[in-house]
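**Student:**
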Amino acid sequence: MSHGFETLAIHAGQDPEARTGAVIPPIYQTSTYAQDAVGAPRLGYEYSRSGNPTRDALQECLAALEGGPVGLAFASGLAAEDTLLRAVCQPGDHVVIPDDAYGGTYRLFARVAQRWGLEFSPAKVSDPASIRAAVQPGRTKIVWVETPTNPLLGIADIAALAAVAHDAGALLVVDNTFASPYLQQPIAFGADVVVHSTTKYIGGHSDVVGGALVVADAGLGEELRYHQNAMGAINGPFDAWLTLRGIKTLGVRMDRHCDNAERLAAYLDGHAKVAQVIYPGLPSHPGHEVAAKQMRRFGGMISFRAAGGEDHAVDICNRAKLFVLAESLGGVESLIEHPGRMTHASAAGSPLEVPGDLVRLSVGIETVDDLLADLEQALG
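In the UniProt record's numbering, the protein residues as written are 1 to 380.
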């Protein structure tokens with residue numbers, strides 16, 4: 001029997017605990033487990049890097065929400081990315097990445113993986129021809145995309161890019177952090193691996209750091225599970241429990257994030273002190289039709305360019321009061337940031353450098369009229 005998203009979010013991997021009937025999965029805050037005999041671990045648990053019941057509950061739930069056979073939880077989104085790269089690639093291989101990728105992802109490729117011998121090429125994810133041109137036959141192992149991208153909210157046609165990747169014998173990896181599995185399920189459109197920073201919408205409360213991989217192929221999932229254990233950047237049991245707690249309300253939170261973002265995007269669009277609003281839900285967004293095809297709604301992230309240039313953008317960020325000036329995104333509270341000087345500073349001077357006049361909003365679930373009033377005063 002199949003269940004709806006909200007039912008899976010509350011129940012997948014989260015049956016009442018067998019011994020006491022506890023409705024919420026316990027926090028198994030243990031490093032090791034008593035064995036029934038030499039070489040006979042009880043229920044397969046030996047050591048919590050290798051397996052932990054709380055983390056297993058989260059992993060089962062993540063897999064169910066993304067529609068894949070295997071889900072894996074990590075200490076952070078970047079830990080998930082690093083594990084994936086080292087499991088799938090080797091020195092001399094090549095990866096195509098977004099030309100406006102998250103700054104931390106770019107840093108991982110440019111400052112860490114490249115030193116290990118992994119080459120990469122940036123390309124525009126909204127243009128399948130650009131991605132195809134960036135592929136190096138025989139060398140490209142991964143086509144890596146974000147959709148929407150961070151911070152310019154570009155939209156990738158997942159099905160089209162899956163065809164490009166598979167034609168080249170490569171995997172399509174989709175960072176689904178901005179959408180969340182509630183709004184978009186890339187595996188259904190042909191993606192091979194889905195990446196999340198569970199710190200963001202999945203956790204949803206700005207109180208836990210984590211990452212995840214969900215795969216379409218069980219064999220690849222087992223290979224990644226081996227690397228998860230061998231490399232060790234696992235999600236701890238309390239972090240897994242907090243993330244599971246956040247997942248339970250993901251659907252209702254995302255609907256409110258989207259409601260508020262739609263109101264704010266409409267307000268900013270055409271505002272005299274805003275040069276451009278970038279939000280996939282606006283018909284003016286070049287990826288609007290593709291987003292409408294593969295997303296349930298358009299998300300809670302908005303970027304805009306200040307009419308007064310970089311100084312004006314920085315002033316807007318500094319004047320905001322209800323919008324908290326902070327990095328990260330996806331929590332119940334609204335955040336504002338200047339990507340060029342904050343989350344994407346590591347991309348400065350590179351092909352991925354973001355415009356200095358760009359402001360990024362993570363729209364929370366507060367009363368929308370209060371958010372509108374704060375933007376009005378911040379715009380000056």
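Idealized CB from N, CA, C, for every residue including glycine.
1. Do T199 and A212 have their CB atoms nearer than 7 angstroms?
2. Apply the 10 Å Cβ neighbour rule to Q59 and answer buried if 16 or more other Cβ atoms are within range, or exposed otherwise.
3. Comparing C-alpha positions only, which one of G71, G308, G13 sits nearest to Y226?
4. Should P91 be labelled buried (16 or more other beta-carbon atoms within 10 Å of its own) or exposed?
5. Between L375 and G251, what straight-line distance do the alpha-carbon atoms span, to the nearest angstrom?
6. Please classify R111 as buried or exposed, where buried requires at least 16 neighbouring CB atoms within 10 angstroms.
7. Can you name, in chain order, every residue of its own chain whose Cβ lies under 7 angstroms from the Cβ of V218, other than the five neighbours on each side?
8. Roughly how many angstroms lie between the CA atoms of L282 and R297, to the nearest whole one?
9. What residues are listed by DSSP as bridge partners for G211?
10. Please classify I24 as buried or exposed, where buried requires at least 16 neighbouring CB atoms within 10 angstroms.
11. Just the Cα atoms here: how many angstroms apart are A216 and I158?
12. Looking only at its chain, what residues have a beta carbon closer than 6 angstroms to the beta carbon of M231, apart from the 5 residues adjacent to it on each side?
13. Classify V38: buried if its beta carbon has 16 or more other beta carbons within 10 angstroms, exposed otherwise.
14. According to DSSP, is F120 helix, strand or coil?
15. Is the stretch 305-317 close to the stretch 170-183, with three or more CB pairs under 8 angstroms?
16. If we count Cβ pairs, one from each stretch, closer than 8 angstroms, do we get three or more for the stretch 166-174 versus the stretch 124-140?
17. To the nearest angstrom, report how far apart R49 and G380 are at their CA atoms.
18. Could you name each continuous alpha helix (DSSP H) segment of 4 residues or more that falls completely within the stretch 249-319, going from the start of the chain to the end?
19. Consult DSSP for P351 and reduce its assignment to one of helix, strand or coil.
20. Based on the DSSP secondary-structure assignment, which residues constitute the bridge partners of A40?
21. With distance defined between alpha-carbon atoms, name the residue in R256, A320, S350, L183 nearest to A373.
22. Express the C-alpha separation of V214 and V96 in angstroms, rounding to a whole number.
23. What first and last residue would you give for the alpha helix (DSSP H) that runs through residue 450?
24. Say whether chain B places a C-beta atom closer than 7 angstroms to the C-beta of A34.
25. Using the Cβ count rule (16 or more neighbours within 10 Å means buried), how would you classify E146?
26. To the nearest angstrom, how far is the alpha carbon of A261 from that of T54?
**Tutor:** This is what the structure gives:
1. no
2. buried
3. G71
4. exposed
5. 26 angstroms
6. exposed
7. Per the sequence shown, the amino acid found at residue 218 is Ala instead of Val. Counting only Cβ-Cβ distances below 7 angstroms, and skipping sequence neighbours, we find P69, V70.
8. Rounded to whole angstroms, the gap between the alpha carbons of L282 and R297 is 11 angstroms.
9. According to DSSP, G211 shares a beta bridge with F74, S197.
10. exposed
11. The straight-line gap separating the alpha-carbon atoms of A216 and I158 is approximately 14 angstroms.
12. T83
13. Taking all protein chains shown into account, V38 has fewer than 16 neighbouring C-beta atoms within 10 Å of its C-beta and is therefore exposed.
14. strand
15. no
16. yes
17. 51 angstroms
18. Taking 4 residues as the shortest admissible run, the stretch 249-319 contains the following complete alpha helix (DSSP H) segments, listed from N- to C-terminal end: 250-268, 288-294, 309-319.
19. coil
20. A37
21. A320
22. 20 angstroms
23. The structure shown does not extend to residue 450, since the chain spans only 1 to 380, so no value can be given for it.
24. The structure shown has no chain B; it contains just one protein chain.
25. So E146 ends up on the buried side.
26. 33 angstroms
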